[in-house]
Amino acid sequence: MSIERKIILHFSAEKADKPLVNKLIRDYNLELNFLHASMENGVGTMVVGVVGSSEDYDKGMGYLAKVGVAVEDISRGIYRNEDRCTGCGACIGFCPSGAFTLDKQTANTVFNSNRCISCGVCVKACLSRCMHRKF
Amino acid sequence: MCKTIAEINAKIKEGKAVVMTAEEIIPYTKEHGLKNTAKTVDVVTTGTFGPMCSSGAYINTGQPKPKIKFGGGTITLNGVQAYAGFAAVDLMIGAGALPLDDPRNRRHPGDFDYGGGHVIEDLVSGKDIALVSHAYGTDCYPRKELQALINIKDLNQAVLCNFRNGYQNYNVAVNKSGETIYTYMGILKAYLANANYCSAGALSPLLNDPYYKTIGIGTRIFLGGGQGYIVSAGTQHNPEAPRTENGVPTSGAGTLAVTGDLKNMKSRYLVGTSIIGYGTTLSVGIGIPIPILDEEILQYTLVEDKDIYAPVIDYSEDYPLNTGKVLGNVSYADLRSGKINLNGRFIPTAALSSLSRAREIADELRRSIQNASFTLTEMLEPLPQAGSGYSVHGLKERPLEEDF
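Have a look at this one:
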């Protein structure tokens, strides 16, 4: 069974030279889509979209656990209450991952959840408070 | 003059009026010419939807047994402070009112999750509201405390009463300082990293009638999903703002004071709004019909986003310190494109007002005129015009020590 997840990898600087990503792709047949990566004060963070068979996914996560990478599942992170969205587009300006776009035809604000890195900036910044955390 | 409002109303009642939105009228006139269009088209509808802070509501709850006088006491609705300075069971709530125990900006930026604007939205959507009042008691109104659930359907009156709405043009806000700031124009990132604006532009009511030739005191309007009226110019109404050749002000200019029965309104068009680090407010939907009485009035409704310019203002220093400095001027066509060019630098833009909902309002108003559930009114008095000597100015501070 194929599954799709969005995860954050937290790791220390010493792990940065390990071919973590390469392993996930080559040894565990996972498709990765990088949304964000940073290294600050010796702490690495990667936000990655993952697609693969559930068996491969579990094995891949097992590998990460073994090498000391903490995995945070944010697949169901942020959602929009469509009834409360007024479509103003204020969110477009401050979303760091560009998950909100303006549909020029309808003038509606589109939420592309596959681009969302679940940082939650929009939750308090939305004027009508239509963005929510799922957990 | 090619038509009168009475003639247009007669056509509306027969279901024969030709009505278009301020967006639809532009290509139509290009195709059919000014002269023909002024004859054929009867009404152009406009719309706007955005945060409008000087909005509020007054309500009359009806007397409990025994009776109480709110006036001079205290009153809260869902914990939010309301104003109790009137007669026995009249009260007023403003969009920016907060619960007493809201932490406000003690930990900056404050969240402002719930305030007066949200109470008004909840009231309109038919939810029960908790009212708590403490009064001092009189011989005629002995009761000193009231705690009760109220609901809009049981109130004697619930009236929206907004004294500054529908701003004719507005600032574009940026932040030239080195830190993020939290303003009523939204979150502004450091070093001019984003620009926020708030106007429906070419759909906005007063930008389609820049000299207030048809929009005046007594004009019936779409207000919050129901029908309302313009009662006067709004506070800070400034007809003397600089204008381009087509009459369009290049900064904030005219404003409207409006009122309407809250019982007929819908929460889709009155949305409680939280602005992080600033406070609460109410996003209000307003639509105003413009009767096409002649070619000149039609000409004004043909205004496009590219013809409307707004001033770019720094909200880290120039706005709060009232320096009057303008960093540049940009058109709504630029603002809507997603980025503006400010002195050679490209800045991404975002709106606080909803164009999609402004369109919906102009559309809804068009439909209700077409099906004759909305007819036009003659204005009773015009709004103060440019050249009338009416203007807006700052406060000349006189320190208390001098006088007391």
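As they're listed, the protein sequences go chains V and A.
Per numbering that gives the first Met the number 0, the first sequence runs over residues 0 to 134.
Per numbering that gives the first Met the number 0, the second sequence runs over residues 0 to 403.
Glycine residues also receive a C-beta, built at the ideal position from the N, C-alpha and C atoms.
Of the listed residues the options, nearest to residue i (C-alpha basis)
{"i": "V/Ser37", "options": "V/Thr100, V/Ile7 and V/Gly59", "result": "V/Ile7"}
{"i": "A/Asn250", "options": "A/Leu326, A/Phe221 and A/Ile339", "result": "Residue 250 of chain A is actually Ser in this sequence, not Asn. Cα-wise, what sits closest to A/Ser250 is A/Leu326."}
{"i": "A/Lys126", "options": "A/Cys139, A/Tyr211, A/Lys15 and A/Leu154", "result": "A/Leu154"}
{"i": "A/Tyr196", "options": "V/Lys123, V/Lys58 and V/Ala89", "result": "V/Ala89"}
{"i": "V/Val42", "options": "V/Asn111, V/Lys14 and V/Phe93", "result": "V/Lys14"}
{"i": "A/Ala129", "options": "A/Lys143, A/Asn150 and A/Asp138", "result": "A/Asn150"}
{"i": "A/Arg335", "options": "A/Pro238, A/Ile24 and A/Lys305", "result": "A/Lys305"}
{"i": "V/Glu54", "options": "V/Ile116, V/Ile2, V/Ser11 and V/Thr108", "result": "V/Ile2"}
{"i": "A/Gly343", "options": "A/Ser355, A/Asn328, A/Ala349 and A/Ser352", "result": "A/Asn328"}
{"i": "A/Ser132", "options": "A/Gly72, A/Val270, A/Met19 and A/Glu294", "result": "A/Gly72"}
{"i": "A/Val18", "options": "A/Asp100, A/Phe85 and A/Asp41", "result": "A/Asp41"}
{"i": "V/Lys58", "options": "V/Cys118, V/Ser11, V/Met130 and V/Asp26", "result": "V/Asp26"}
{"i": "A/Val173", "options": "A/Gln298, A/Tyr181 and A/Ala357", "result": "A/Tyr181"}
{"i": "A/Gly185", "options": "A/Glu13, A/Tyr314, A/Ser367 and A/Asn340", "result": "A/Tyr314"}
{"i": "V/Gly51", "options": "V/Cys87, V/Asn32 and V/Leu19", "result": "V/Asn32"}
{"i": "V/Met45", "options": "V/Thr105, V/Cys129, V/Glu81 and V/Cys115", "result": "V/Cys115"}
{"i": "A/Phe440", "options": "A/His236, A/Pro209, A/Pro98 and A/Leu191", "result": "The shown model of chain A, from 0 to 403, leaves out residue 440 of chain A, and the question about it has no answer."}
{"i": "A/Asn8", "options": "A/Gly393, A/Thr234 and A/Ser372", "result": "A/Ser372"}
{"i": "A/Thr28", "options": "A/Pro310, A/Ile296, A/Ile220 and A/Leu187", "result": "A/Ile296"}
{"i": "A/Lys10", "options": "A/Arg366, A/Gly388, A/Tyr389 and A/Thr374", "result": "A/Thr374"}
{"i": "A/Asp121", "options": "A/Lys324, A/Arg103 and A/Lys152", "result": "A/Lys152"}
{"i": "A/Ala357", "options": "A/Gly46, A/Glu22 and A/Gly14", "result": "A/Gly46"}
{"i": "A/Ala157", "options": "A/Gly114, A/Pro98, A/Thr60 and A/Pro319", "result": "A/Thr60"}
{"i": "A/Lys68", "options": "A/Ile4, A/Pro50 and A/Lys143", "result": "A/Lys143"}
Neighbour flag for residue i against chain V, beta carbons, 9 Å
{"i": "A/Phe48", "result": "yes"}
{"i": "A/Arg358", "result": "yes"}
{"i": "A/Ala350", "result": "yes"}
{"i": "A/Pro204", "result": "no"}
{"i": "A/Ala201", "result": "no"}
{"i": "A/Lys126", "result": "no"}
{"i": "A/Pro347", "result": "yes"}
{"i": "A/Gly327", "result": "no"}
{"i": "A/Ala194", "result": "yes"}
{"i": "A/Lys188", "result": "yes"}
{"i": "A/Leu364", "result": "no"}
{"i": "A/Ser355", "result": "yes"}
{"i": "A/Gly223", "result": "no"}
{"i": "A/Gly177", "result": "no"}
{"i": "A/Asp112", "result": "yes"}
{"i": "A/Gly337", "result": "yes"}
{"i": "A/Gly78", "result": "no"}
{"i": "A/Gly95", "result": "no"}
{"i": "A/Gly388", "result": "no"}
{"i": "A/Gly115", "result": "no"}
{"i": "A/Gly185", "result": "yes"}
Cutoff 9 Å: residue i Cβ touching any chain A Cβ
{"i": "V/Gly119", "result": "no"}
{"i": "V/Phe19", "result": "Note that residue 19 of chain V corresponds to Leu in the displayed sequence, not to Phe. V/Leu19 does not count as touching chain A."}
{"i": "V/Ala98", "result": "no"}
{"i": "V/Asn111", "result": "no"}
{"i": "V/Ala69", "result": "no"}
{"i": "V/Thr44", "result": "no"}
{"i": "V/Lys123", "result": "yes"}
{"i": "V/Arg132", "result": "no"}
{"i": "V/Ser11", "result": "no"}
{"i": "V/Arg128", "result": "yes"}
{"i": "V/Asn40", "result": "no"}
{"i": "V/Asn32", "result": "no"}
{"i": "V/Asn28", "result": "no"}
For residue i: DSSP bridge partner residues
{"i": "A/Gln80", "result": "A/Thr75"}
{"i": "A/Phe162", "result": "In DSSP, A/Phe162 forms no bridge with anything."}
{"i": "A/Arg219", "result": "A/Tyr228"}
{"i": "A/Leu187", "result": "A/Ile180"}
{"i": "V/His169", "result": "The structure shown does not extend to residue 169 of chain V, since chain V is modelled only from 0 to 134, so the question has no answer here."}
{"i": "A/Met19", "result": "A/Val43"}
{"i": "A/Asp89", "result": "A/Asn59"}
Report the start-end ranges of each beta strand (DSSP E) in the stretch 115-151 of chain A that is 3 residues or longer and not cut off at the edges. 128-133 and 144-149
Compile a chain-ordered list of the residues in the stretch 270-285 of chain A whose CB is closer than 8 Å to at least one CB of chain V. Listed in sequence order: Val270, Gly271, Thr272, Ser273, Ile274, Ile275 and Ser282.
Can you list, in chain order, the stretches of the beta strand (DSSP E) that have 3 or more residues and sit fully within the stretch 242-289 of chain A? With a minimum length of 3 residues, the continuous beta strand (DSSP E) runs that stay inside the stretch 242-289 of chain A are 255-260, 269-274 and 278-286.
4 or more residues per run - each alpha helix (DSSP H) lying fully within the stretch 293-335 of chain A: Runs of the alpha helix (DSSP H) inside the stretch 293-335 of chain A: 294-300.
Could you please tell me which residues of the stretch 76-105 of chain V, in chain order, have their CB closer than 7 Å to any CB of chain A? Thr85, Gly86, Cys87, Gly88, Ala89, Ile91, Gly92, Phe93, Leu101 and Thr105
Positions along the stretch 305-316 of chain A whose CB lies within less than 7 Å of some CB in chain V: none
Which residues, taken in chain order from the stretch 122-153 of chain A, show a beta carbon closer than 9 Å to some beta carbon of chain V? Considering only beta carbons, no part of the stretch 122-153 of chain A lies closer than 9 Å to chain V.
Taking only runs of the beta strand (DSSP E) that begin and end inside the stretch 25-87 of chain V, which ones reach a length of at least 3 residues, in chain order? 30-39, 42-52, 69-72 and 77-79
Whole alpha helix (DSSP H) runs in the stretch 104-133 of chain V with 4 or more residues, listed along the chain? 120-124
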